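Residue numbers (the numbering used here), protein chains in the order written: chain W, 245 to 444; chain Y, 436 to 574. One structure is given here, and the rest of the page talks about it.
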């Protein structure tokens, strides 16, 4: 199952999009490619039986995330600066070493994991069977993911809501501060008459 | 452990997902542009989601929605729930990151981290926008 053709094609598509993201210098295509990456992941989630996750990834990861990026891009320079030629490969060498070494270690660990889809893997024999067998007769909700999310692990979901609320507060505080800074800068610019610094 | 080929096929998803994760990490470390760093972070995150969902996959299983007719094999619902939470939290962190980038751009007129660091080192406090950035912003 793990070797099914759809799976391999979608993973290849993800790798392709990743390479494009690394190589693209204009930020607008990068943001759109990130949205495409999320959408292809959503397709992979469907292929791996996670339909709820696929819905959420398509709506939130590919939708809202991309909209947020595009909204921010309206206020930001649209192109990445070219790195000076002299630095070349030396510039990315530390990152390359970290990623190759980290990836090699993770792969060493990953080949020891149970095969994908193995019914006797530890992940499938702990609490999951209980959720699948009991939740239908106790809570009468056919979708087990909903049951676990809202009932068995309701506190997790509450914590998630707190995190989202905190992040929302953080964004509001940051952006409100931005407006004040812009006003102050405009005033400074008027006072000092330096000209360019006040288009925000 | 059997022949290398079967090992690779058994954990094919894991191997590719690790490559994707490291690609995301590479973007975060090597690129100077802050928006691109955030995109790299999102790619890293999505790859971790793929890893979890791959762990939850059951051979011959279907989506964990109970069917009337008894004995179907279902994939593991627990990773799905964890990742649902993680996706929403991921968007929250992306929004916070973008707000920080907007703030940095307002203060320094640049979203390249080496330039911002150089400006901080040069005068120890934020400077206004420079002319060339203004020209690009207007487009």
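Here a beta-carbon is modelled for each residue, glycine too, at the ideal position from N, C-alpha and C. Predicted model only: the values in this text are computed from it and were never measured.
Residue 548 of chain Y CB to nearest chain W CB: under 8 Å?
-> On the second chain, position 113 is the one that residue 548 of chain Y refers to. It does not: the Cβ of residue 548 of chain Y has no partner Cβ on chain W nearer than 8 Å.
For the alpha helix (DSSP H) that residue 268 of chain W lies in, which residues bound it at each end?
-> By one-based count along the first chain, residue 268 of chain W stands at place 24. That residue, residue 268 of chain W, is in no alpha helix (DSSP H); it is neither H nor E in DSSP.
In the DSSP assignment, what residue or residues form a beta bridge with residue 493 of chain Y?
-> Start at 1 with the first residue of the second chain, and residue 493 of chain Y comes out as number 58. Looking at the DSSP assignment, residue 493 of chain Y forms a beta bridge with W:361.
Thinking C-beta only, is residue 513 of chain Y closer than 8 Å to residue 446 of chain W?
-> Any property of residue 446 of chain W remains undetermined from this structure, which presents chain W solely from 245 to 444.
According to DSSP, which residues form a beta bridge with residue 509 of chain Y?
-> Stepping through the second chain from its first residue, residue 509 of chain Y is reached at position 74. According to DSSP, residue 509 of chain Y shares a beta bridge with Y:497.
With a threshold of 16 other CB atoms inside 10 Å of the CB of residue 399 of chain W, please say whether the residue is buried or exposed.
-> Position 155 of the first chain, counting from 1, holds the residue named residue 399 of chain W. Burial call: exposed.
From the beta carbon of residue 364 of chain W, is the nearest beta carbon of chain Y less than 8 Å away?
-> Mapped onto the first chain, residue 364 of chain W falls at position 120. Judged by the 8 Å Cβ criterion, residue 364 of chain W is not in contact with chain Y.
Residue 346 of chain W and residue 460 of chain Y look like a contact to me (Cβ under 8 Å); what is the Cβ gap, rounded to whole Å?
-> One-based indexing of the first chain puts residue 346 of chain W at position 102. One-based indexing of the second chain puts residue 460 of chain Y at position 25. That pair is a contact at about 7 Å.
Who are the neighbours of residue 289 of chain W on chain Y, taking C-beta pairs under 7 Å?
-> Locating residue 289 of chain W in the first chain gives position 45, counting from the first residue. Residues of chain Y passing the Cβ test: 488.
Tell me whether residue 434 of chain W sits in a helix, a strand or coil according to DSSP, three-state version.
-> One-based indexing of the first chain puts residue 434 of chain W at position 190. It is helical.
May I ask you to report which of helix, strand or coil DSSP gives residue 550 of chain Y?
-> Residue mapping note: residue 550 of chain Y aligns to position 115 of the second chain, counting from 1. For residue 550 of chain Y, the secondary structure class from DSSP, reduced to helix, strand or coil, is helix.
Considering only residues of the stretch 332 to 408 of chain W, which uninterrupted alpha helix (DSSP H) runs meet the minimum length of 4 residues and lie entirely inside it, listed in chain order?
-> Those alpha helix (DSSP H) runs which fall completely within the stretch 332 to 408 of chain W and span 4+ residues are 332 to 354, 366 to 369, 372 to 383, 388 to 391.
Where residue 392 of chain W meets chain Y, residues with beta-carbon distance less than 7 Å | Residue 392 of chain W sits at position 148 when you count from the first residue of the first chain. The contacting residues are 512, 513, 516.
Beta-carbon spacing of residue 322 of chain W, residue 271 of chain W below 8 Å | Indexing the first chain from 1 puts residue 322 of chain W at position 78. Indexing the first chain from 1 puts residue 271 of chain W at position 27. It is a contact, given that the beta carbons lie within the stated cut-off.
Anyone know if the C-beta pair for residue 451 of chain Y and residue 257 of chain W falls short of 8 Å?
-> On the second chain, residue 451 of chain Y is found 16 positions in, with the first residue counted as 1. On the first chain, residue 257 of chain W is found 13 positions in, with the first residue counted as 1. Taking 8 Å as the Cβ cut-off, residue 451 of chain Y and residue 257 of chain W do not qualify as a contacting pair.
For residue 534 of chain Y, which residues from the same chain have a beta carbon less than 7 Å from its beta carbon, with the 5 sequence-adjacent residues on both sides left out?
-> In the second chain, the residue the question calls residue 534 of chain Y occupies position 99. Here the set comprises nothing.
Indicate whether at least one CB of chain Y lies closer than 8 Å to the CB of residue 196 of chain W.
-> Here chain W comprises residues numbered 245 to 444, so residue 196 of chain W is not present and cannot be evaluated.
Those runs of the alpha helix (DSSP H) which lie wholly inside the stretch 283 to 335 of chain W and span at least 4 residues = With a minimum length of 4 residues, the continuous alpha helix (DSSP H) runs that stay inside the stretch 283 to 335 of chain W are 295 to 300, 309 to 317.
Smallest Cα separation from residue 527 of chain Y: which of W:434, W:405, W:252, W:383?
-> Taking the second chain and counting its residues from 1, one reaches residue 527 of chain Y at position 92. Here the closest residue by C-alpha is W:405.
Starting from residue 468 of chain Y, follow the alpha helix (DSSP H) in both directions and report where the run begins and ends.
-> Looking up residue 468 of chain Y in the second chain gives position 33. Here residue 468 of chain Y belongs to no alpha helix (DSSP H), and DSSP marks it neither H nor E.
Near residue 324 of chain W, what residues of its chain come up, given a Cβ to Cβ distance below 6 Å and the 5 sequence neighbours on each side ignored?
-> For the purposes of this step, residue 324 of chain W is taken as residue 80 along the first chain, with counting starting at 1. Taking residue 324 of chain W as the centre and dropping the five residues before and after it, the same chain places the C-beta of 269 closer than 6 Å to its C-beta, in chain order.
Between the stretch 491 to 500 of chain Y and the stretch 279 to 296 of chain W, do at least 3 Cβ pairs fall closer than 8 Å?
-> Here the stretch 491 to 500 of chain Y lies against the stretch 279 to 296 of chain W, with 3 or more beta-carbon pairs under 8 Å apart.
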